[in-house]
Amino acid sequence: MSGMTAPGPATRAVERCARRIAARDDDVRAWAHLDLDGARAQAARLDAVAGPAAPLHGVTLGVKDIIDTAGLPTTYGSAAFADRRPTEEAHVVAALRTAGAVLLGKTVTTELATYEPGVTCNPRNTGHTPGGSSSGSAAAVADGQVDLALGTQTAGSAIRPASFCGVFALKPTYARWSVHGVLPVALTFDTVGALSRDPALLRVTDEVLAGPDEPQRGLPPLSALRVGVLRGPWWERATPSIRQLVETAAGELGAHVARVVDLDAPSWLADTEEAHRLLMAIEAATALRPHAELAGDMISERLRTMLAEGAAAGTVRTQWCRRVLSRATDQVRRWFDEVDVLLAPAAPGEAPEGLDSTGDPVFTRLFSAAGTPEVALPVGLGDHGLPLGLQLVGPPDSDRALVDHGVAVAGLLGCTATVIPLTKEVS
Numbered sequence: 001m002s003g004m005t006a007p008g009p010a011t012r013a014v015e016r017c018a019r020r021i022a023a024r025d026d027d028v029r030a031w032a033h034l035d036l037d038g039a040r041a042q043a044a045r046l047d048a049v050a051g052p053a054a055p056l057h058g059v060t061l062g063v064k065d066i067i068d069t070a071g072l073p074t075t076y077g078s079a080a081f082a083d084r085r086p087t088e089e090a091h092v093v094a095a096l097r098t099a100g101a102v103l104l105g106k107t108v109t110t111e112l113a114t115y116e117p118g119v120t121c122n123p124r125n126t127g128h129t130p131g132g133s134s135s136g137s138a139a140a141v142a143d144g145q146v147d148l149a150l151g152t153q154t155a156g157s158a159i160r161p162a163s164f165c166g167v168f169a170l171k172p173t174y175a176r177w178s179v180h181g182v183l184p185v186a187l188t189f190d191t192v193g194a195l196s197r198d199p200a201l202l203r204v205t206d207e208v209l210a211g212p213d214e215p216q217r218g219l220p221p222l223s224a225l226r227v228g229v230l231r232g233p234w235w236e237r238a239t240p241s242i243r244q245l246v247e248t249a250a251g252e253l254g255a256h257v258a259r260v261v262d263l264d265a266p267s268w269l270a271d272t273e274e275a276h277r278l279l280m281a282i283e284a285a286t287a288l289r290p291h292a293e294l295a296g297d298m299i300s301e302r303l304r305t306m307l308a309e310g311a312a313a314g315t316v317r318t319q320w321c322r323r324v325l326s327r328a329t330d331q332v333r334r335w336f337d338e339v340d341v342l343l344a345p346a347a348p349g350e351a352p353e354g355l356d357s358t359g360d361p362v363f364t365r366l367f368s369a370a371g372t373p374e375v376a377l378p379v380g381l382g383d384h385g386l387p388l389g390l391q392l393v394g395p396p397d398s399d400r401a402l403v404d405h406g407v408a409v410a411g412l413l414g415c416t417a418t419v420i421p422l423t424k425e426v427s
């Protein structure tokens, strides 16, 4: 009709995602709660505003279901909290919405962001895990159901799902983004992260969430960059396909950067995995105890075992964990005296088959403990046709420069944000 006004960009973005969700949600099951009516209303308000567009105007947003959203359910991935509706919004959600992002809903997480998987499948092959605990966020982004999603990482919960699903992710410097309104699991490590098919959105997200007062550490231009390849004591757990990808990437980078070197990883770093795992359980035993008590018999045996181990660890074991992780953090800092960024696998290989496990965070625990920023890069396919991911790791507060270099590295390897096509397109 000639008198009708064409829908604005935010409204068009919401409708595009709504069509995709309608076509794919039965297969992927990425959403714990959808609020498309609320999203349409927010989009209409944004499109009606005159003047310069907000930095994230019309970018559709999914939020992991441990991050509070005012008036919408935040159920922590547990039926025990199905009726929980917070009245206050997490700082990160409020900031992104103020910047123009349109909230579509809450994405599935594992139980209390720990180990018991949710219902979400990997959109590349629904017989495989999407990773966890930011499972729904990674799957929704990878499947084109949302432009940007918030996740969290305590061990590997943003970088690993991004790798398994074939998208970009930023796990920022520890404490760079607020965790106010986010379920605490292990406060020594808990970090909000972001996932997107478009890495430019990760940079803008950091600009919004870190704010103007947060320090910014630059990195040399690509041609002057010193890259350290980290295999570490966990290398034998990498699949042949991810090992080959690391070697190929290192060789390709050697022609474009100042220097590519193999980093010496002392054997004692192997203790980092156990120290991180145990300290996470120790801190979770305190942080999650009230929630476990409320859940009662609805808590899984897997989570019950984790909390019991943490509660029984004692002072000596806790001090051992902290000594090991402090020493490991010092080692990471020493590497950054030699090189500018680290290159390592984001996960041991392709997403494992089945939904009983979310995969192994072995290649991310060290950096979660050290608090350094990580960028997941979707840079290949494995033997079974599922995504493979690498990660770039930078020194603290180099987040934006690290994203920029991640985009450049992905480009050098012939990859883009849409490198891995969806297995089922929407007509």
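First residue of the sequence shown? That's 1 in full-length UniProt numbering, and the numbers climb one at a time after it. C-beta: ideal position from N, C-alpha, C; glycine also.
Item checked: Three-state class that DSSP yields for T191 in the structure shown -> strand
Margin query: Quick check: the Cα distance between residue 429 and R322, rounded to an integer number of angstroms?
Written below: Because the chain here runs from 1 to 427, residue 429 falls outside it and cannot be looked at.
Check: Using a Cβ-Cβ cut-off of 6 Å (strictly less than) and excluding sequence neighbours within five positions of G156, which residues of its own chain qualify?
Finding: P361, T364
Item checked: Rounded distance between the beta-carbons of A30 and T107, thought under 8 Å -> 6 Å
Notebook entry, point to check: Terminal residues of the continuous alpha helix (DSSP H) containing P240?
Noted result: 240-253
Next item on the list: Give every residue of the same chain whose Cβ lies closer than 6 Å to the Cβ of L148, excluding the five residues on either side of it in the sequence, and list them in chain order.
Entry: V59, L61, S196, L201
Next item on the list: Report the option in A249, W234, A255, P345 whose CA atom is closest to the CA atom of T272.
Entry: When each option's Cα is compared against that of T272, the closest is W234.
Notebook entry, point to check: Can G382 and T191 be called in contact, C-beta distance under 9 Å?
Noted result: no
Margin query: Our contact map puts Q153 next to S357 with C-beta atoms below 8 Å; I'd like the distance itself, whole angstroms only.
Written below: Between S357 and Q153 the Cβ distance is about 17 Å, and since that is not below 8 Å, they are no contact.
Notebook entry, point to check: Who does E374 pair with in a DSSP beta bridge?
Noted result: The partner list for E374 (beta bridge, DSSP) reads K171, V393.
Next item on the list: Tell me whether P215 is buried or exposed, calling it buried when 16 or more other Cβ atoms sit within 10 Å of its Cβ.
Entry: exposed
Margin query: Alpha carbons only, please: which of I299, G51, V229 is nearest the one belonging to Y115?
Written below: I299
Note to self: Considering only DSSP beta bridges, list what D262 is partnered with.
What the structure shows: V229
Note to self: On a Cα-Cα basis, can you pick out the residue from N125, G151, A169 that is closest to D198?
What the structure shows: A169
Next item on the list: Leaving aside the five residues before and after L230 along the sequence, list all residues of the same chain whose C-beta is less than 6 Å from its C-beta, in chain order.
Entry: L263, L342, A344
Next item on the list: With G406 as the anchor, note down where its alpha helix (DSSP H) starts and where it stops.
Entry: 399-412
Next item on the list: With a cut-off of 8 Å on the beta carbons, I'd call T75 and A113 a contact; round off their distance for me.
Entry: Actually they do not touch by this definition, with Cβ atoms about 12 Å apart.
Notebook entry, point to check: DSSP three-state call for W31: helix, strand or coil?
Noted result: strand
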